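Sequence lines, in order, name chains A and B. Using this note's numbering, read the first sequence as starting at 2 and increasing by one per residue. Using this note's numbering, read the second sequence as starting at 17 and increasing by one per residue. For each residue, glycine too, the CB sits at the ideal point set by N, CA and C. In this text, all values refer to a predicted model and were calculated from it rather than measured experimentally.
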Amino acid sequence: MSNELFQKLGGEAAVNAAVDVFYRRVLSDDRISDFFDDVDMERQAAKQKAFLTMAFGGPVHYTGADMRKGHAHLVARGLNDSHFDAVVDNLVAALQELNVPAELIAEVGAVCETTRNDVLGK
Amino acid sequence: MTQLHFNEATYQCEAGESVLDALTRQGVAVPYSCRSGVCQSCMMQSADANVPGAAQHGLKSTLQAQNYFLACACHPVEDMTVCLADSSDKLLQATVSAIRPLNNEIMCVGLDCPSLQDYRAGQFINLYRDAGFSRSYSLASVPSDSYLRLHVRRLPDGRMSNWIHDELKIGDNLYISAPLGSCFYLPGAEEQALLLIGTGSGLAPLMGILRDALNRQHAGEIHLYHGSRDTAGLYLVEELRELAAHYSNFHYTPCVSGGTATTGCQTGRAVDIALAEHPDLTGWRVFLCGNPNMVKSARKKAYLARAAMNDIYADAFVAAVN
């Protein structure tokens, strides 16, 4: 969760480039698109941007409690590890599509991993 | 230190403090999430145009134009008067100046409202039959028209729409809210292609947006797809064909989803026909108005067709519960 990672990835411009590629993939993925179907897409896109900023090690300040509260309604609908994995898969694929070096993708994946238990309410 | 005026009270904002931090510290409930200027949960509106640029970063241009800002990213440089997003409740008096049917189910209502000169074509107003009873209608007129125009569709059990169709007459007085909503045309990017998709009386805001864009000499291609179940539900067909004949960059496609289309109409859902003809919306500006399910599905389809989220403007006509 270093600011260094955020700078290496290219900062906010990189988030802006990645968010559409990532979110289009999520919406097209039958494993998880239902979880994203009820919500206001515009608010959701802004939240995806906040999520990517965090995953890139950038300046957003979600706490574990924020993560639990924000996803509790989805956990109640059955959100589990397979869905979490699918979201990470899509993020990895989006970054590969944007030719991000593999070692940086691995770092982003590691940041995501630190949120797993809070997101899934474990 | 600056002062924040909110809900008729005044709050201190310390140097370096955000509007969000200042208000929540003093007990005002403002919704928020990321506190980093990204998630847009804490959006508020300023009464004046004195919003620091950083506080509008990432907001849609139509929201910026109306002085919306993110409270967590707003460090005031001078005193501000602010409110939560969409909490405007000022009412304006209006008089019915015209009323005529556009087809079997849609009535055009003209309203004379001298105190409402400044609005954006495509915004909506709440129309009040009495103090506790209102419905939202989009503005089909442009500000240079002599009166406001609404397209009111008769709903089977619609208390407001049946009253408008059966009883409202020229000279009647009623009240309307100030204009609301951020689905409208903004000048700039004159070369950008515009895609307008509407169903039923969703044509109302699109008429305003279309005429506004043409009046402002929008140079890019403008494609309007108006959908209805049958040809009887289409309206303003001749007016739109005349506009298409007059402006070479404007293209009009009426669409009929059930039954057989007559000459000049396409058969199928408006959104499907539009996206079949324009599968790649990279760089387009998209306006979607009407049936909520259509708007929701069209928004997703337009985004997946590579329209940018900030270039998709939508107005879903959610039916009120009587």
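Point to revise | Close Cβ partners of B:H167 (< 7 angstroms) along its chain, the five nearest in sequence each way excluded | key: L118, I122, C124, A156, S217, L219 and A220
Exercise for review: Note down the Cα distance separating B:F85 from B:M59, rounded to an integer number of angstroms.
Suggested key: 6 angstroms
Review point. Can you give the Cα-Cα distance for B:H181 and B:T276, rounded to whole angstroms?
Key: 28 angstroms
Exercise for review: Please check the pair A:L121 and A:N91, which I expect to be a contact at CB under 8 angstroms, by giving their CB distance rounded to whole angstroms.
Suggested key: Their Cβ separation, rounded to whole angstroms, is 17 angstroms, which puts A:L121 and A:N91 out of contact at 8 angstroms.
Review point. DSSP three-state call for B:Q19: helix, strand or coil?
Key: strand
Practice item. Please report how far the alpha carbon of B:E258 lies from the alpha carbon of B:Y163, in whole angstroms. Key: 22 angstroms
Check your understanding: Of all Cβ atoms in chain B, is any one closer than 9 angstroms to the Cβ of A:M2?
Key -> Here A:M2 scores only 47 on pLDDT, less than 50, and its place in the model should not be relied on; the value that follows carries that caveat. So, not an interface residue.
Practice item. Run down chain B in chain order and give the residues with a C-beta less than 9 angstroms from the C-beta of A:E43. Key: Q56, K76, R315, M325, N326, I328 and A330
**Study point:** 6 angstroms Cβ shell around B:N326 - same chain, five flanking residues per side excluded
**Key:** K76
Exercise for review: Just the chain B side, please: which residues come within less than 8 angstroms of A:P60 by C-beta, in chain order?
Suggested key: S52
Review point. Quick one: what's got a C-beta closer than 6 angstroms to A:M68's C-beta in the same chain, skipping five residues either side?
Key: T116, D119 and V120
Review point. Could one say the Cβ of A:A46 lies closer than 9 angstroms to chain B's Cβ atoms, at least one of them?
Key: yes
Check your understanding: Roughly how many angstroms lie between the CA atoms of B:D288 and B:L304, to the nearest whole one?
Key -> 13 angstroms
Exercise for review: Give the straight-line distance between the Cα atoms of B:Y319 and B:E30, rounded to the nearest whole angstrom.
Suggested key: 41 angstroms
Check your understanding: So B:A290 and B:I213 are in contact, right, with Cβ under 8 angstroms, and what is the actual spacing, rounded?
Key -> 5 angstroms
Review point. Under a three-way DSSP split, which group does A:H84 fall into?
Key: helix
Check your understanding: Just checking my contact of B:A70 with B:T97 at CB under 8 angstroms: how many whole Å lie between their CB atoms?
Key -> The Cβ separation is near 19 angstroms, so there is no contact.
Check your understanding: Just how far apart, CA to CA, sit B:R170 and A:L96?
Key -> 50 angstroms
**Study point:** Proximity below 9 angstroms, CB of A:F57 to CB of A:V112
**Key:** yes
Check your understanding: How about the stretch 9-29 of chain A and the stretch 31-38 of chain B: do they share at least three Cβ pairs that are nearer than 8 angstroms?
Key -> no
Exercise for review: Quick one: using the 10 Å Cβ neighbour count with 16 as the cut-off for buried, is A:V62 buried or exposed?
Suggested key: A small fix is needed here, since residue 62 of chain A is His in this sequence, not Val. Classification of A:H62: exposed, given that the 10 Å Cβ count is below 16.
Review point. So what does DSSP say about A:I106, is it helix, strand or coil?
Key: helix
Exercise for review: Could you name the residues of chain B that A:R25 contacts, counting a contact when the two beta carbons are closer than 9 angstroms?
Suggested key: Y319, L320 and R322
Review point. Quick one: what does DSSP say A:Q49 is sitting in, helix, strand or coil?
Key: helix
Check your understanding: Skipping 5 residues on each side, what residues in its chain have a beta carbon closer than 6 angstroms to that of B:H242?
Key -> G214, L219 and P270
Check your understanding: For B:V93, is the classification buried or exposed, using 16 other Cβ atoms within 10 angstroms of its Cβ as the cut-off for buried?
Key -> exposed
Review point. If the cut is a Cβ gap below 8 angstroms, which residues of chain B does A:L96 touch?
Key: Within chain B, no residue comes near A:L96; the closest Cβ sits about 19 angstroms away, beyond 8 angstroms.
Review point. Helix, strand or coil: how does DSSP classify B:F266 here?
Key: strand
Review point. Can you find a C-beta in chain E that's less than 9 angstroms from the C-beta of B:S131?
Key: The structure shown contains no chain E; its protein chains are A and B.
Exercise for review: Measure the alpha-carbon distance for B:D134 versus B:A147 and round it to whole angstroms.
Suggested key: 24 angstroms
Exercise for review: Name the one or two DSSP bridge partners that A:V76 has.
Suggested key: Answer by DSSP bridge pairing: none, since A:V76 is not bridged.
Point to revise | Same chain only: Cβ atoms within 6 angstroms of B:E207, ignoring 5 sequence neighbours per side | key: A235 and G236
Point to revise | Straight-line Cα distance separating A:A103 from A:H74 | key: 34 angstroms
Check your understanding: Which residues in the same chain as A:A19 place their Cβ atom closer than 7 angstroms to its Cβ, once the five residues preceding and following it in sequence are excluded?
Key -> L53, A95, L96 and L99
**Study point:** Member of B:C90, B:V54, B:Q82 and B:P68 whose CA lies at the smallest distance from the CA of B:G74
**Key:** B:V54
Check your understanding: Which residue or residues does DSSP assign as beta-bridge partners of B:N142?
Key -> B:S152
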